[in-house]
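Step one of this worksheet: look at the structure below.
In my numbering, the protein residues as written are 22 to 106.
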């Protein structure tokens, strides 16, 4: 789950959850966005780093995304996921 954040942190790039919290095992330090866990259960809205930008822009003020942001998504191979669970 945190391989992408670790790859970025190793190169000094802040990605995903590293924007919101310190994850020392991954190398994430000094988050640059505030994060307070909401008082409800919603997979997408509980973790902003898993939330589609279109949804996050309506739920979080200020939005962490700018109009000129380069966004990407990592999709796990479904077969690998089945094997790991």
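Don't be surprised by glycine CBs; every beta carbon is placed ideally from N, CA and C.
Nearest-angstrom beta carbon gap, residue j and residue i [assumed within contact, 8 angstroms]
i	j	result
residue 27	residue 57	Not quite, the Cβ-Cβ distance comes to about 24 angstroms (not below 8 angstroms), so this is no contact.
Check whether residue i and residue j have beta carbons under 7 angstroms apart
i	j	result
residue 40	residue 52	yes
residue 70	residue 37	yes
residue 67	residue 59	yes
residue 25	residue 94	no
Any chain B beta carbon closer than 7 angstroms to residue i
i	result
residue 34	Chain labels in this structure do not include chain B; a single protein chain is all it has.
Given residue i as reference, the closest of the options once Cα atoms are compared
i	options	result
residue 87	95, 97, 75	75
Review point. Which parts of the region 29-74 are runs of the alpha helix (DSSP H), unbroken and 4 residues or longer, counting only runs that do not cross its ends?
Key: Fully enclosed alpha helix (DSSP H) runs of 4 or longer: 64-67.
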